[in-house]
Every structure is written in C-alpha cells, then in structure tokens.
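S.K.: Heads up: the sequence shown runs through residues 1 to 159, numbered per the UniProt record's numbering.
All C-beta atoms in this analysis are idealised placements derived from N, C-alpha and C, irrespective of residue type, glycine included.
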Amino acid sequence: MRCPFCGNIDTQVKDSRPAEDHVSIRRRRFCPACGGRFTTYERVQLRDLVVVKSNGRREDFDRDKLERSIRIALQKRPVEPERIDQMISGIVRRLESLGETDIQSKNVGEIVMESLARIDTVAYVRFASVYKNFQAADDFDKFVSELRPDSVTDNSEEE
Ligand SMILES: [Zn+2]
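#1: Which complete beta strand (DSSP E) runs does the region 43 to 105 hold, if anything under 3 residues is left out?
#2: According to DSSP, which residues form a beta bridge with Tyr41?
#3: From the DSSP output, in three-state form, read off Arg126 for me.
#4: Express the C-alpha separation of Arg63 and Val92 in angstroms, rounding to a whole number.
#5: Using the C-alpha atoms, what's the distance from Arg43 back to Gly99?
#6: Could you spell out where the beta strand (DSSP E) holding Pro18 opens and where it closes?
#7: Rounded C-beta distance between Phe61 and Ile25? I'm assuming under 8 Å.
#8: Under the rule that 16 or more other beta-carbon atoms within 10 Å means buried, what is Cys3, buried or exposed?
#9: Closer than 7 Å: is that where the CB of Gly36 sits relative to any heavy atom of ligand 1?
So, in structure tokens, the structure goes:
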C-alpha cells in the first residue's frame, strides 16, 4: 500500500482488526520512509461473490435477495428488526470469510438455516421447508422433531 504522504510503496501494517461494522478489516499502517501513519479499510467485494447452484448455474451473490428470503421466513415473528439486520450481516460476513469467490448455494442455505435456528424456530422451519423442498410429510415431521431438543424456546403457533 503506497504511503499517501510520500509515495513510498513499502509501508508496514502495524495492526489489523475488524472494523466496527464487522464487514471490513481496519489496518493501521506505518510508513518507515516518512514516519507517516494512516488507516486502510479492506472489504470483500460482494459483487465478486458468485453463488453456484446445484445444477452448476452461477449467479452473482445478491444480498437483497438473501435479505428478502429471510424477511419472508420471519414475517410476523416476534423478532426485533435490529436482530434481523445483525443476523443478515453475520451471514454475509460468514460468506465473505469463506475466502472463496465461488460459494455453493447449498452452503448459503445451510448458513442461513443455522442462523435462523438460533433466532426463531418457526422461521427456521419455514425457510428450511422451502429450501429443502420437503415433499414427504414424514420427512418434514422428522425434520421438525430433530430441531426440537435444543432450539424450541416458545410455543408460538406455526402456520
Ligand atoms: Zn511516507
């Protein structure tokens, strides 16, 4: 990274840590040539992330689309908007931290389901039932019973 003060190319990273938004890495840099200090923020270019579907088709990762599907699953559920935002940011962060530009759509679905399971069981079931395309009722029952042990915290009605 070129020093913005003297143009020296050989600058040093003194410290790296996640920025407050947790979507970028904040680096404190030092220029040994002029003693200048500056900060850079490094973030993954989400446009570069490509989701690979099971049939091999590829499409650009679309955060809005991800967010829409999660909000549909959480419709009318008693979950605070901030928690939903946090969860979505967390999911995106996990996708970024995989360190690959190609992401299997299966992985995206699994990460979303894990996150939903922690926040709201009903939303989780809704999402999973669509995502996994459960067709046999017994599969669905099995699935629901599997998620009962640790994650059910309320007895809200399911639709
Ligand atoms: Zn410098």
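M.R.: To lay it out plainly:
#1: 50 to 52, 58 to 60 and 102 to 104
#2: If you number the sequence shown from 1, residue 41 lands on position 41. Tyr41 pairs with Arg26.
#3: To locate residue 126, count along the sequence shown from 1; it is residue 126. Helix, per DSSP.
#4: For the purposes of this step, residue 92 is taken as residue 92 along the sequence shown, with counting starting at 1. For the purposes of this step, residue 63 is taken as residue 63 along the sequence shown, with counting starting at 1. C-alpha separation (whole angstroms): 8 Å.
#5: The residue you call residue 99 lines up with position 99 of the sequence shown. The residue you call residue 43 lines up with position 43 of the sequence shown. The straight-line gap from Cα to Cα measures roughly 12 Å.
#6: Locating residue 18 in the sequence shown gives position 18, where the first residue counts as 1. Looking at the DSSP string, the run of the beta strand (DSSP E) that includes Pro18 is Gln12 to Pro18.
#7: To locate residue 61, count along the sequence shown from 1; it is residue 61. To locate residue 25, count along the sequence shown from 1; it is residue 25. Actually they do not touch by this definition, with Cβ atoms about 19 Å apart.
#8: In the sequence shown, counting from the first residue as 1, residue 3 sits at position 3. So Cys3 ends up on the buried side.
#9: Residue mapping note: residue 36 aligns to position 36 of the sequence shown, counting from 1. Flag set: Cβ of Gly36 near ligand 1.
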